[in-house]
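S.K.:
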Amino acid sequence: MLEKIFIDKNISLAQTMPSYFYLKSEYYDLSIEKIFNNSWQFIIDINSLKSKIHPFTLLNHSLNQPLILTKIDDEFLCLSNVCPHRGSLLCQNETNARNIRCQYHGRVFDLKGRMLSAPGFNKVENFPLESDNLTQIPLKKLKNFIFISLNPKIDISEITKDINDRLGWYPFNQLNFDNSASNEYIIDAHWSLYCENYLEGFHVSFVHKGLNDDIELDTYKTKTLENGVLQYTLSKTKKDALKIPNGFLNSNEDIYAYYYWIFPNIMLNFYNWGISVNIIEPINKEKTKIRFLSYPINGKKQPSNSGASLDKVEKEDQDIVLSVQKGIKSKFYNRGRYSSQHEIGVHHFHRLICKAIN
Ligand code: FES
Ligand SMILES: [Fe+2]
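Numbered by our numbering, the letters in the sequence shown go through residues 928 to 1285 in order.
1. How far does the beta strand (DSSP E) with Asn1211 in it extend, from its first residue to its last?
2. What would DSSP say about Leu1038, mapped onto helix, strand or coil?
3. Am I right that Ile1090 and Tyr1187 are in contact with their C-beta atoms under 8 Å? What's the rounded C-beta distance?
4. Taking 8 Å as the threshold, find out whether the region 1025-1035 comes into contact with the region 1092-1110 through three or more Cβ pairs.
5. With ligand 1 as the reference, list in chain order each residue whose Cβ lies under 5 Å from any of its heavy atoms.
6. Measure from the alpha carbon of Ser972 to the alpha carbon of each residue in Gly1263, Asn1071, Asn1285, then state which is nearest.
7. Tell me whether Arg1093 sits in a helix, a strand or coil according to DSSP, three-state version.
8. Give me whichever residues DSSP pairs with Lys1214 in a beta bridge.
9. What separation, rounded to the nearest whole angstrom, lies between the Cα atoms of Phe1129 and Ser1231?
10. Report yes if the C-beta of Asp1244 is less than 7 Å from at least one heavy atom of ligand 2; otherwise report no.
11. Give me the Cα-Cα distance between Asp1059 and Leu1066, rounded to the nearest whole angstrom.
12. Are the C-beta atoms of Glu1180 and some chain C residue less than 8 Å apart?
13. Less than 7 Å separating the Cβ of Asn1124 from some heavy atom of ligand 2?
14. Using 8 Å as the cut-off, can you tell me whether the region 1108-1120 makes contact with the region 1214-1231, which would need three or more C-beta pairs spanning the two stretches below that distance?
15. Suppose you measure from the CA of Val1251 to the CA of Gln1245; what does that come to, to the nearest Å?
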């Protein structure tokens, strides 16, 4: 039996996550099964979806599920990419084919996953059953971003509502994926150490000197949402602030960015130049892939050479996360305390983990 982890609801009394959570494989496996398996995952934006059939692997180092997105006019569906006959993978490449045909024994499905024909099966009784169609996987659109969930137990509707309310004015339809500004990193740290670093602005003045020149840190706000966190802060220079129209929250303030985190591993960062999406993918208990996807607004570009450039800030964050990964292995560290002023996002995250795995 794994020891249950308890994080006090009252942040001013609570102790942080014990180090064994990050170090023991059992907790890692439990996180994949009880958290990632039940989560909503960002897949792609609809403008990047060029074909009617788009195969992909969901979190290939952990959940590792072969799936397909299909597009029928303006409707999007997510289907299993495994043939219900003997389990062959169906699609390897993007295509605009009208149907999905299994390469093994020629069974054919439409883009909704319904079986259309099955060679050699005309003498089979009770055929086809519902299970001879492709399984449909829940899909959700947030503006032009597609999310899917294998088992949608982690409700993100409060987060999507907050984004819709606060950023209803944001030019989502002018966002286009910029591959040249996007990046992937692999770091030798537990996935949740990376996430918890994202969930506080407390370290900014110590770790990110360049960013510290751009933002008004004493205005930093953290708002917890059901299965999410929103952080935002004012811009110092004002010129790089979001231009929020009247009628929306914070319209007369120079907000530098809205940082949304969706439990457990998706970050949507809204800037005046566009959105950066960070996807934190567990590889093993001390290896994590970080995918940075850049979505500039038409005519704008992700800034690349200031002290606050995302690459520089990212490097600084990764270095500090690596130092924590080493530190938690010490015999002289088990768990710490929270700053009740600056670490409510981290506290919320740790409580969400415990609720899911206990
Ligand atoms: S495995 Fe697909 S038709 Fe046999
Ligand atoms: Fe940081």
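Note that CB positions come from ideal geometry on N, CA and C, so glycine has one too.
M.R.: A quick look at the data gives this:
1. Counting along the chain, the beta strand (DSSP E) containing Asn1211 begins and ends at 1201-1211.
2. When secondary structure is reduced to three states using DSSP, Leu1038 falls in the coil class, being assigned neither helix nor strand.
3. Ile1090 to Tyr1187, Cβ: 6 Å. Contact.
4. The region 1025-1035 vs the region 1092-1110: no contact.
5. Counting only residues whose CB is nearer than 5 Å to a non-hydrogen atom of ligand 1, the list in chain order is Cys1010, His1012, Arg1013, Ser1015, Cys1029, Tyr1031, His1032, Arg1034.
6. Per the sequence shown, residue 972 should be read as Asp rather than Ser. In terms of Cα proximity to Asp972, the closest of Gly1263, Asn1071, Asn1285 is Asn1071.
7. Correct three-state label for Arg1093: helix.
8. Within the DSSP bridge table, the entry for Lys1214 names Asn1211 as partners.
9. Straight-line spacing of the CA atoms in Phe1129 and Ser1231 works out to 24 Å.
10. Because some heavy atom of ligand 2 lies under 7 Å away, the Cβ of Asp1244 counts as near it: yes.
11. Put simply, the backbone Cα of Asp1059 is about 21 Å away from that of Leu1066.
12. The chain inventory of the structure shown lacks chain C, comprising one protein chain alone.
13. Yes, the Cβ of Asn1124 comes within 7 Å of a heavy atom of ligand 2.
14. Taking one beta carbon from each stretch, the region 1108-1120 and the region 1214-1231 have 3 or more pairs nearer than 8 Å; the two touch.
15. Cα-Cα distance, rounded: 10 Å.
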